[in-house]
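S.K.: Chains as they are written, first to last, in our numbering: chain H, 331 to 676; chain L, 331 to 676.
Protein chains: 2
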Amino acid sequence: MAEKETEISTLGEFGLIDHITESFKLNNESSIVGVGDDAAVLDYRNKKTLVTTDLLLEGIHFDLRYVALKHLGYKAAVVNFSDIYAMNGRPKQITVSLGISKRFTIEHIEQLYEGIKLACEHYGVDLVGGDTSASVTGLIISITCIGEGEEGNIVYRNGAKDTDLICVSGDLGAAYMGLQLLERELNVSHEVGEGFEPAFQGREYLLERQLKPEARRDVIEELASIGVKPTAMMDVSDGLSSELMHICKQSGTGCRIYEDRIPIDYQTAIMAEEFNMNLVTAALNGGEDYELLFTVPLVDHEKVAAMKSAKIIGRITKPELGCYMVTRDDNEIALQAQGWNAFAAK
Amino acid sequence: MAEKETEISTLGEFGLIDHITESFKLNNESSIVGVGDDAAVLDYRNKKTLVTTDLLLEGIHFDLRYVALKHLGYKAAVVNFSDIYAMNGRPKQITVSLGISKRFTIEHIEQLYEGIKLACEHYGVDLVGGDTSASVTGLIISITCIGEGEEGNIVYRNGAKDTDLICVSGDLGAAYMGLQLLERELNVSHEVGEGFEPAFQGREYLLERQLKPEARRDVIEELASIGVKPTAMMDVSDGLSSELMHICKQSGTGCRIYEDRIPIDYQTAIMAEEFNMNLVTAALNGGEDYELLFTVPLVDHEKVAAMKSAKIIGRITKPELGCYMVTRDDNEIALQAQGWNAFAAK
Chain H
331 MAEKETEIST LGEFGLIDHI TESFKLNNES SIVGVGDDAA VLDYRNKKTL
381 VTTDLLLEGI HFDLRYVALK HLGYKAAVVN FSDIYAMNGR PKQITVSLGI
431 SKRFTIEHIE QLYEGIKLAC EHYGVDLVGG DTSASVTGLI ISITCIGEGE
481 EGNIVYRNGA KDTDLICVSG DLGAAYMGLQ LLERELNVSH EVGEGFEPAF
531 QGREYLLERQ LKPEARRDVI EELASIGVKP TAMMDVSDGL SSELMHICKQ
581 SGTGCRIYED RIPIDYQTAI MAEEFNMNLV TAALNGGEDY ELLFTVPLVD
631 HEKVAAMKSA KIIGRITKPE LGCYMVTRDD NEIALQAQGW NAFAAK
Chain L
331 MAEKETEIST LGEFGLIDHI TESFKLNNES SIVGVGDDAA VLDYRNKKTL
381 VTTDLLLEGI HFDLRYVALK HLGYKAAVVN FSDIYAMNGR PKQITVSLGI
431 SKRFTIEHIE QLYEGIKLAC EHYGVDLVGG DTSASVTGLI ISITCIGEGE
481 EGNIVYRNGA KDTDLICVSG DLGAAYMGLQ LLERELNVSH EVGEGFEPAF
531 QGREYLLERQ LKPEARRDVI EELASIGVKP TAMMDVSDGL SSELMHICKQ
581 SGTGCRIYED RIPIDYQTAI MAEEFNMNLV TAALNGGEDY ELLFTVPLVD
631 HEKVAAMKSA KIIGRITKPE LGCYMVTRDD NEIALQAQGW NAFAAK
């Protein structure tokens, strides 16, 4: 993978941390002291502090046979930023803890941090701490992201109300189809052997959505610019169906979404056909979209209907009406929380 | 281990988190919203926010053949609190992320959280978030602790000045000797087989220091009560020698500590003799003491000399004098940063 290979033990735990973090500078006003002491020091003054954390494990959440370490670093950071945006907040700091097995060299870890750094620069986030250790097997990435929210502007999952409009940003199912594509090509490459060229042409969007997702800062910014505060919001990491049911459960409501309103990219549709998969199922349950799902009062209809970054896909109902998708032929199908269960998956 | 054994997949990721966290209540004023949304919401108002994080891996940092899960949970939380106290701060919230392999049952995870809960209650800390996932092998614990510090009262590692007094709380080397004892008895038990009784009597203190360490909140409180603000401080997790050299390096100073001033418990001394180990080496480099090492201005001599929880062990010098321990027979031995290098250790 790397041209130069340097064993991590040559630097040791402290050497590695020093070596990697010296290229990260603090840029946010709220970052007072970063790496190098027992704890980082932050100052959020009159803002609220938002905290989210994600644990990513090799063999469970990622497969290094088709994920580049730089992309992995980028994605690991971005999925945490996404959680902060989903509170209508702004990510400001992260801590990165790594468990690293013997097969990784210093150059590998540098690649991983290159991706983390790129994400930090792109989203204006400071690296302020972490912990690094040997691991018995594989790579372990634990990231905590800290962000700021303004009193009264933070959006929870439990605020959706009857008649609210349901909106989602971007399109759904592409990251899932990207994963299917990567797994298929990996299997084919094992069969074909040397000289194999994966069939990625024309499917770049699917790969990008899987390998290098973005957090929807632009949605938060557009909502602010049009003066709309969602009543509930979360990011779509486990599939639209599962996330919408979280919002309905926590808000004590039901919902109707419309099949023909669910945003799906052209490449996703083609790929689903090729795999002989139900397209809407992939879009509803695929996961890893990192789009924002939110609800807004009906009175904001005109404003959100004109949004570039998001689309209205349904409405919130009274709880006794349940959670359903209305199909193109006017049937109602109950939504299911098929959210990814890592414990049952393997 | 547990009487009842329930596979984790029966609850799934969300079920497990809900099940475990429902017994944790928020008690701190700064904890606005805890588990259950995309991020926790905290409010530190006019205080500074301190953030520290630790990654603990089975087979590297702990061995479940002699560590009970409840103790492990307690220790995993407490070592993070220790980092916040080491900034002269107060721990207020933690997030707990777990990677759990197939051999663990729900009852096991409950035991782990029992320990975390006990630590949270004892130190007044709220659990506000986390992430839970299957792991391919072993148990992974990633904890981030957030705490508060007052502007002007936060203590860094880089503030030690020439003529400052060097102080350390409690005693050193006991946790390390406890680990040696546990490993020896485990080996003997394999040889002897059934009916083996480990030789723990009279060595309870060593086991407690290794298995259920405490963070020195009392030291922070005593310092506040006598009106002393340390010039530099950190907690002793990698051994006194290594930590003292961190303070000297970051402060740009040298130091002298005195062999006959290094606090060592009676049980530690007996155990070192039994193992034919150099007692002072164990105390200087043993690690996992979680005592507080700090420096205070010479003018505070009288106050710190009267402290119950800590003891003066030396003084800060000009940098050109280097970092040395003065032995009982008046020789000077250079301190070495033998801090635990997890990458070289295995």
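We put the CB at the ideal spot given by N, CA and C, even for glycine.
Note that the coordinates shown come from a computational prediction; the quantities given were computed from them, not determined experimentally.
What are the residues in the region 412-431 of chain H lying within 9 angstroms of chain L by C-beta distance?
M.R.: 412, 413, 414, 415, 416, 417, 419, 423, 425, 426, 427, 428, 429 and 430
S.K.: Rounded to whole angstroms, how far is the Cβ of residue 465 (chain H) from the Cβ of residue 390 (chain L), which I believe are closer than 8 angstroms?
M.R.: 7 angstroms
S.K.: Quick one: list the residues of chain L neighbouring residue 396 (chain H), beta-carbon separation under 7 angstroms, in chain order.
M.R.: Residue 396 (chain H) does not reach chain L, its nearest Cβ partner there being about 17 angstroms away, counting only Cβ pairs nearer than 7 angstroms.
S.K.: Check whether the Cβ atoms of residue 507 (chain L) and residue 417 (chain L) lie closer than 7 angstroms to each other.
M.R.: no
S.K.: Hey, is residue 384 (chain L)'s beta-carbon within less than 7 angstroms of any beta-carbon in chain H?
M.R.: yes
S.K.: In angstroms, rounded to a whole number, what distance separates the CA positions of residue 490 (chain L) and residue 408 (chain H)?
M.R.: 39 angstroms
S.K.: Based on DSSP bridge pairs, tell me the residues matched to residue 587 (chain L).
M.R.: L:644 and L:655
S.K.: Considering residue 564 (chain H), what are the terminal residues of the beta strand (DSSP E) in which it resides?
M.R.: 562-566
S.K.: Output, in chain order, the set of chain H residues within a Cβ distance shorter than 9 angstroms of residue 387 (chain L).
M.R.: 429, 463, 464, 465, 466 and 470
S.K.: Following the continuous alpha helix (DSSP H) through residue 574 (chain L), name the residue where it begins and the one where it ends.
M.R.: 570-581
S.K.: Any Cβ of chain L within less than 7 angstroms of the Cβ of residue 492 (chain H)?
M.R.: no
S.K.: Determine whether the beta carbon atoms of residue 335 (chain L) and residue 467 (chain L) lie at a separation below 7 angstroms.
M.R.: no
S.K.: Using a Cβ-Cβ distance cut-off of 7 angstroms, determine whether residue 332 (chain H) contacts chain L.
M.R.: Reliability of the predicted coordinates at residue 332 (chain H) is poor, the pLDDT of 43 falling under 50, and the value obtained from them is presented with this limitation in mind. Output row for residue 332 (chain H): interface = no.
S.K.: Taking contact to mean at least 3 C-beta pairs separated by less than 8 angstroms, is the region 435-452 of chain H in contact with the region 361-369 of chain H?
M.R.: no
S.K.: Which residues mark the beginning and the end of the alpha helix (DSSP H) in which residue 534 (chain H) is found?
M.R.: 534-541
S.K.: Distance, Cα to Cα, residue 448 (chain H) vs residue 542 (chain H)?
M.R.: 11 angstroms
S.K.: Assign residue 354 (chain H) to one of three DSSP states: helix, strand, or coil.
M.R.: coil
S.K.: Is residue 474 (chain L) close to chain H, meaning its C-beta is less than 7 angstroms from at least one C-beta of that chain?
M.R.: yes
S.K.: Return the residues of the region 363-382 of chain L that lie within a Cβ-Cβ distance of less than 9 angstroms from chain H, sorted by chain order.
M.R.: 363, 366, 367, 368, 369, 370, 371, 372, 373, 374, 375, 376, 377, 378, 379, 380, 381 and 382
S.K.: Who does residue 475 (chain H) pair with in a DSSP beta bridge?
M.R.: H:382 and H:424
S.K.: Under 7 angstroms, Cβ to Cβ, is there at least one residue of chain H near residue 390 (chain L)?
M.R.: yes
S.K.: Going along chain L, which residues have a C-beta under 9 angstroms from residue 565 (chain H)?
M.R.: Under the 9 angstroms cutoff, chain L gives 368.
S.K.: Just how far apart, CA to CA, sit residue 631 (chain H) and residue 561 (chain H)?
M.R.: 13 angstroms
S.K.: Residue 338 (chain H) to residue 485 (chain H), Cα distance in whole Å?
M.R.: 43 angstroms
S.K.: Within the continuous alpha helix (DSSP H) that includes residue 411 (chain L), where are the two ends?
M.R.: 399-415
S.K.: For a contact defined as C-beta to C-beta under 9 angstroms, what are the partners of residue 582 (chain L) on chain H?
M.R.: Within chain H, no residue comes near residue 582 (chain L); the closest Cβ sits about 14 angstroms away, beyond 9 angstroms.
S.K.: Give the DSSP-derived three-state secondary structure of residue 598 (chain H) in the structure shown.
M.R.: In the structure shown, the three-state DSSP call for residue 598 (chain H) is helix.
S.K.: Since residue 486 (chain L) meets chain H, which of its residues come closer than 8 angstroms, beta carbon to beta carbon?
M.R.: Going along chain H in sequence order, the residues near residue 486 (chain L) (Cβ under 8 angstroms) are 363 and 367.
S.K.: Would you say residue 403 (chain H) faces chain L, with C-beta separation under 7 angstroms as the test?
M.R.: no
S.K.: On a CA-only basis, which of L:586, L:512 and L:589 is nearest residue 536 (chain L)? Give me that one, please.
M.R.: L:512
S.K.: So residue 353 (chain H) and residue 499 (chain H) are in contact, right, with Cβ under 8 angstroms, and what is the actual spacing, rounded?
M.R.: Contact doesn't hold; Cβ gap of about 32 angstroms is too wide.
S.K.: Spatial neighbours of residue 546 (chain L) within its chain, please: C-beta separation below 8 angstroms, excluding the five flanking residues on both sides.
M.R.: 412, 415, 499, 500, 565, 620, 621, 622 and 639
S.K.: Taking C-beta to C-beta, are residue 677 (chain H) and residue 458 (chain L) nearer than 7 angstroms?
M.R.: Outside the displayed range of chain H (331 to 676) lies residue 677 (chain H), so it cannot be described from this structure.
S.K.: Which first and last residues belong to the alpha helix (DSSP H) in which residue 611 (chain H) is found?
M.R.: 609-615
S.K.: How big is the Cα-Cα spacing for residue 559 (chain L) and residue 548 (chain L)?
M.R.: 14 angstroms
S.K.: Please name the residue in L:428, L:360, L:348 and L:410 whose C-alpha comes closest to that of residue 387 (chain H).
M.R.: L:428
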